[in-house]
Amino acid sequence: MNVSLEMKKLKRTGFYPAFLFGAVLAAAIPILQTAFRAEYFTNQLLPGLEILLGANWQMLAMLNVFFLVIGACMMYHIEFADRAIQKMESLPLSAGRVFAAKCFILLGALLFVILIEAVSIAFCTIHWFSAGQNFVQELFQIFGFEWILMVPAVILMMMVASLCRNMWISLGIGVICIFTVTILPHENLILSFFPFSLPFQSLPDAHDSLHVSSYLAASCTETALFGILEALIIRVRRNCA
Amino acid sequence: MTNMIETHHLTKQYSDFTAVSDLNLHIKKGRIHGFLGPNGAGKSTTMKMFLGLTKPTDGSFEINGKMFPKDRQQILREIGSLIESPAFYGNLTGEENLEIIRKILNLPKRFVKDALETVGLYEYRNRLAKKYSLGMKQRLGLAGALIGKPPILILDEPTNGLDPAGIHEIRTLIRSLPQTYDCTILVSSHLLSEMELLADDVSILNHGRLLFEGTLSELKQYAVHAGYPVENLEETFLSIIEEDNLKRGGKR
Ligand SMILES: Nc1ncnc2c1ncn2[C@@H]1O[C@H](COP(=O)(O)OP(=O)(O)OP(=O)(O)O)[C@@H](O)[C@H]1O
Ligand SMILES: [Mg+2]
């Protein structure tokens, strides 16, 4: 797996600026929201973190999934745009490793966005509320949970992007998946296991409904499943070419 | 003389259409082998099979004693290739493109500069590949094929898109390669006058079938014997193809 090589390929594509901009945008949302509605928020009798997550989580999750889709599309677009992929396929290189390296980079970029979001939430909590005991630990758990729940969607979206020569098609599929998630009823547990639904689940809510381990198990199962599926796809594509 | 590439009844079928049919090709070590045939004859398809870009429907081939698909990775390590139009990362410069290939092949750093100088792109190394002219893209593709001094070169119409001076330059370059370092070259082209100056051996493909394989002088003898014109390769080639098409019942 050659992550640094795959990172070099992304030069000048706007991938890195896009994630930087995305992180700033995502971080601005809780801050602006709380600044404008400070009184309404602080008058509630709940812990600060809970209020903030309740007000911002859906929006942050939506942005995260959106960045995920765009990132995956960009990463494979450079391979198809000038047929670089053909050159790569004629070099002694494993397609599976390239795929894994790309997933790794996207997960890294998303981790960066999530970290900035966590910092923003932390700032809001400390500035407008008061941080309780174990605050940092709690925050890490919440955003770590989010990151783990994004893994299946990353692999699935990368798979779609690697199959569509035209970036607009993979982007379209990604956007449709996001919209489907927003339409689906939120109470249904099975539907919330859909890879694109998982990132919308927040740790405190999952705690309340005692589904934390189910979500983690779903994420791990789907990750393994999509991993195997991708390995199969690579094999089938080679044999049918 | 040993064969670097050998195919045994190599066949490629697309649903209802045979692109390459029962091909038995012998590419000798240290030679420049010209691969001739009209559009759609199956030249690129054959070359793609050698690289594992497309899978044979039937038959087999051996490259430098290695079998496909068992030793695919090992085979790819020994082949430098340029297939059809050049393939590159448009968002990277010429130099960065070669740097990617160099890293994958695990070559020393200086190989990038060498390759750029060999194809005459050094001056433009910092320009984005998508801003290259067609000829420059072709040169970049060629540099990507030559970079590791691989023992086998597979070049599909390497002079495509080059100006007359460029064609001459690249032909001289390819011609000189087997002397500079030990390599075997399979090169396809439509420019028969070029081929005549470039190749040691030729094979002629039509509708996926091999019509002739041998040295240029053997081709001349064969043509004289069969009553084809022999003034130049072009004439000979055209009449061989025409005759074959007639035999096939005028089917194109
Ligand atoms: N993926 C494919 N599906 C169906 N037919 C194909 C496919 N790829 C190639 N062919 C057909 O196989 C035949 C041989 O194509 P190929 O590209 O090998 O020809 P070529 O000898 O390289 O021609 P040219 O001189 O024009 O480059 C053509 O008739 C082409 O239409
Ligand atoms: Mg061709």
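As they're listed, the protein sequences go chains A and B.
At position 120 of the first sequence the residue is numbered 113 (our numbering), and the sequence of numbers has no breaks.
Start counting at 1 in the second sequence, then tack on 910, and there's your number in our numbering.
The beta carbon of each residue, even a glycine, is placed where N, CA and C say it ideally should be.
Near ligand 2, residues with a Cβ at less than 6 Å from any of the ligand's heavy atoms are Lys953(B), Ser954(B), Glu994(B), Asp1066(B); the list follows chain order. Look at the stretch 75 to 102 of chain A: the residues with a C-beta under 9 Å from a C-beta of chain B are Asp75, Arg76, Ala77, Ile78, Gln79, Lys80, Met81, Glu82, Ser83, Leu84, Pro85, Leu86, Ser87. Distance from the CA atom of Leu103(A) to the CA atom of Ala1053(B), rounded to whole angstroms, is 36 Å.
Per DSSP, reduced to three states, the secondary structure at Phe122(A) is coil, with no helix or strand assignment. Between the C-alpha atoms of Leu1156(B) and Gly944(B) there is a straight-line separation of about 24 Å. At least one heavy atom of ligand 1 lies closer than 6 Å to the C-beta of Ala951(B). Taking 7 Å as the threshold, the shortest C-beta distance from Asn232(A) to chain B falls below it. The beta carbon of Ile71(A) sits closer than 8 Å to those of Lys2, Leu3, Thr6, Ala77, all from its chain and outside the five residues before and after it, given in chain order. DSSP places Ile989(B) in the strand class (E or B) of the three-state scheme. Here Ser970(B) is exposed, its C-beta having fewer than 16 other C-beta atoms within 10 Å. A direct Cα-Cα distance of roughly 12 Å separates Leu61(A) from Phe105(A).
Listed in chain order, the positions of the stretch 128 to 157 of chain A with a beta carbon within less than 7 Å of a beta carbon of chain B would be empty, since no residue qualifies.
Rounded to the nearest whole angstrom, the C-alpha separation of Ser(-3)(A) and Cys1093(B) is 32 Å.
When secondary structure is reduced to three states using DSSP, His943(B) falls in the strand class. Contiguous alpha helix (DSSP H) elements confined to the stretch 1072 to 1136 of chain B occur at 1074 to 1090, 1102 to 1108, 1126 to 1136, taking only those with 4 or more residues. Within the stretch 943 to 964 of chain B, the residues whose Cβ lies closer than 9 Å to some Cβ of chain A are Lys958, Leu961, Gly962, Leu963, Thr964, listed in chain order. If you check the CB distance, Ala1039(B) and Gly1000(B) come in under 7 Å. Annotation: Val1022(B) to Ser1098(B) spans about 25 Å, alpha carbon to alpha carbon. Distance from the CA atom of Cys170(A) to the CA atom of Met143(A), rounded to whole angstroms, is 14 Å. Contact between the stretch 46 to 62 of chain A and the stretch 127 to 146 of chain A is present: three or more C-beta pairs spanning the two stretches fall below 8 Å. The Cβ-Cβ distance between Ala154(A) and Cys66(A) falls below 7 Å.
Annotated as proximal: Lys95(A) and Glu(-1)(A), with beta-carbon spacing under 7 Å. Separation of Met1046(B) and Pro23(A) (C-alpha to C-alpha, rounded to the nearest whole angstrom) is 50 Å. In the structure shown, Leu961(B) falls within a coil segment according to DSSP collapsed to helix, strand and coil. The shortest C-alpha to C-alpha distance from Phe29(A) to any of Leu53(A), Ala48(A), Pro40(A), Asn127(A) is the one to Ala48(A).
In this structure, the alpha-carbon of Thr173(A) lies about 10 Å from that of Gly167(A). Shown here, Arg158(A) sits in coil according to DSSP, grouped into three states, outside any helix or strand. At a C-beta separation below 8 Å, Gly1054(B) has these neighbours in chain A: Lys80. Contact between Ala19(A) and Glu110(A) is confirmed by a C-beta separation of about 5 Å, below the 8 Å threshold.
Note on geometry: alpha-carbon atoms of Leu992(B) and Ala217(A) lie some 37 Å from one another. Between Ile1080(B) and Pro1074(B), the alpha-carbon positions lie close to 10 Å from each other. Counted as a single uninterrupted DSSP element, the stretch harbouring Ile1057(B) is not any beta strand (DSSP E), since DSSP gives it neither H nor E.
Of the heavy atoms belonging to ligand 1, at least one sits nearer than 6 Å to the Cβ of Tyr924(B). Counting only runs of 4+ residues, the alpha helix (DSSP H) found wholly inside the stretch 995 to 1035 of chain B occupies 1004 to 1015, 1020 to 1028, in chain order.
Within a 10 Å sphere around the beta-carbon of Trp50(A) sit 16 or more other beta-carbons, which makes this residue buried.
With a cut-off of 6 Å, the C-beta of Ala929(B) is classified as near ligand 1, since at least one heavy atom of the ligand falls inside that distance.
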